[in-house]
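Count along the sequence shown starting at 1, add 21, and that's the number in our numbering.
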Amino acid sequence: MSEPPPPYRPEQFTFLDEQDAPETSGWLTFVHSRAGRRADRREQARERVLVLAVLLVIAALVATLLVWRPWSGHSGVTDTGNEELGADRVALLVQVQDPAGAAASAVLLQDRRGKGSGALVVVPGDLALPVEGSSGLTVRTALAQAGPVLSREGLAALLGVPLVGSWVVDVGDFSGLVDRLGGLHLASGVVDGKTAAAQAASGPAGAQQVLTGFVTAFPGRYTAAHDLLGDLGVLAAPGLPVPRLAAVLAGLARENPSRLHIGALPLDASGHTLDQTKALPVVRDVLGGQPGAGRADTTPRILVSIAAGASLSASDARADVLDAGYEYVAGVAAVAGAKSSVVVRTGTADAQALGADVASLLNLPGSVVRIGDDVPFGADVVVVLGKS
């Protein structure tokens, strides 16, 4: 039998200290440092991913606010400029001016309530205006003789529609602006600026076509409309800064045709006075006006028409009306055989009391007084002196 192996001695299991084995120490240090660098890189990568995620969330939030813009009047529509309107419902007067006065005029209305709506209503140049300090002026002549402010205030008082300002465009500038817009697409085809200016001055029908094509040719984006007005050198006017004008024009250009009301104010047989029956729906329902409202002078205006054979003369009726503190308006002669009547416009303050007082001072019975809409726009009360 072989002899058993000698027993192990304790010193055979003694490990070396690092200082006694420099090569082994260096290898361990290398392994540890490489693992630490890997851990550092992983931590840095996690930090970069986290920072990137935060930045993406912030960018998405900013983009959402810019696109959504909940303060805008049109939900989901960007760049409307509605905040520049200054009110939910804004109306202004645009006029194309030639040496004789207003070649074409229209009321532009932008309403941002609900889904929004707009209107363009042409104002005939021959319409007589109640201009302060002047008489016998029409829409056309008032612009040249009384200026844009007084003529606009006269129209606002007549219609009862507040007008924030006037955009008056010289006919030459209007022609250039039409060309800048690429011409106007009308029913007759595309027309250039010179043709458009001539057609606008041809009458209400021509003005309606041209001015409708003009406003709908503007950019529907507010910033684009504002920049275009700036490039053309359009300046601010009283009550009508360029941002407000741009917001109205862009709003009208964006409107769905079903929500864009187009029309003209009709005149009666005289050719200078509004046909109250046909004009009232346009003024009240489209423009939101109340005839006679909004005047600086709220003195009731009494229009008197006298039939042949009436017991009271025109001079006596005038004196009685003025002595009572009212404003006298001479009406056309009433038809022969007309019955006496006193009609006070619906919505007039203290209408019944006013009618009774007017009837009394003109020696008419109270039974002839009634409240109605068939009152000329230039008056608050219409009186017919005829048969009692």
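Ideal placement from N, C-alpha and C gives every residue a C-beta, glycine not left out. As the structure is a computational prediction, the values presented were derived from the model and not from experiment.
Suppose you measure from the CA of residue 356 to the CA of residue 339; what does that come to, to the nearest Å?
19 angstroms
Flag this pair as touching only if the stretch 267-283 and the stretch 369-377 have three or more C-beta atom pairs under 8 angstroms; answer yes or no.
no
From the DSSP output, in three-state form, read off residue 159 for me.
Residue 159: strand per DSSP, three-state reduction.
Own chain residues within Cβ distance below 6 angstroms of residue 400, not counting five before or after:
Non-local beta-carbon contacts of residue 400 in its own chain, meaning distances under 6 angstroms to residues more than five positions away in sequence, involve 322, 324, 350 in chain order.
Put residue 70 into one of helix, strand or coil per three-state DSSP.
helix
Where does residue 226 land, buried or exposed, given buried means 16+ other C-beta within 10 angstroms?
exposed
Mind checking whether residue 271 and residue 102 have CB atoms under 7 angstroms apart?
Going by beta carbons, residue 271 and residue 102 fall inside the 7 angstroms limit.
Which residue from 154, 241, 267 puts its Cα closest to that of residue 252?
Checked all of 154, 241, 267; the closest Cα to residue 252 is 267.
Which of the three DSSP states is assigned to residue 353 in this structure?
coil
Relative to the C-alpha of residue 186, which candidate in 220, 387, 405, 107 has its C-alpha closest?
The option with the nearest alpha carbon to residue 186 is 107.
7 angstroms Cβ cutoff met for residue 149 and residue 159
yes
Under DSSP, the alpha helix (DSSP H) around residue 297 begins and ends at which residues?
Residues 297-302.
Do you know how far the Cα of residue 388 is from the Cα of residue 397?
When rounded, the distance between both Cα atoms is 21 angstroms.
Using a Cβ-Cβ cutoff of less than 6 angstroms, which residues in the same chain neighbour residue 162 once the five nearest sequence positions on both sides are dropped?
If the five residues before and after residue 162 are omitted, its C-beta is found closer than 6 angstroms to the C-beta atoms of 122, all from its own chain and listed in chain order.
Report yes if the C-beta distance between residue 118 and residue 191 is below 7 angstroms; otherwise report no.
yes
Residue environment, residue 79, which counts as buried when at least 16 other CB atoms sit within 10 Å:
exposed
Tell me residue 136's beta-bridge partners as DSSP assigns them.
In DSSP, residue 136 forms no bridge with anything.
Assigned secondary structure, residue 126 (DSSP; H/G/I helix, E/B strand, else coil)
Assignment of residue 126 by DSSP, reduced to helix, strand and coil, places it in the strand class.
Leaving aside the five residues before and after residue 365 along the sequence, list all residues of the same chain whose C-beta is less than 6 angstroms from its C-beta, in chain order.
372, 375, 376, 392, 402
Identify which residue in 129, 65, 67, 63 has its Cα closest to the Cα of residue 309.
129
Alpha carbon to alpha carbon, how far is residue 125 from residue 197?
16 angstroms
Roughly how many angstroms separate the alpha carbons of residue 290 and residue 405, rounded to a whole number?
18 angstroms
Could you tell me the alpha carbon to alpha carbon distance between residue 256 and residue 303, rounded to whole angstroms?
30 angstroms
Whose C-beta lies closer than 8 angstroms to the C-beta of residue 88 among residues of the same chain, with five residues either side of it excluded?
Interpretation of residue 88 is limited by its pLDDT of 41, a score under 50 that renders its predicted location unreliable; the figure taken from the coordinates is listed afterwards. Counting only Cβ-Cβ distances below 8 angstroms, and skipping sequence neighbours, we find 99.
How long is the line joining the alpha carbons of residue 301 and residue 344, rounded to whole angstroms?
31 angstroms
Please list, in chain order, all residues of the same chain as residue 277 whose beta carbon is under 7 angstroms from its beta carbon, the five residues on each side excluded.
If we look at residue 277 and ignore the five residues flanking it on each side, it has no Cβ neighbours.
Quick check: the Cα distance between residue 173 and residue 76, rounded to an integer number of angstroms?
54 angstroms
Mind checking which residues open and close the alpha helix (DSSP H) that includes residue 282?
First-last for residue 282: 281-285, but that is the beta strand (DSSP E), not the alpha helix (DSSP H).
Mind reading off the beta-carbon distance from residue 247 to residue 269? Whole number of angstroms is fine, and I expect it under 8 angstroms.
About 11 angstroms separates the two Cβ atoms, so there is no contact after all.
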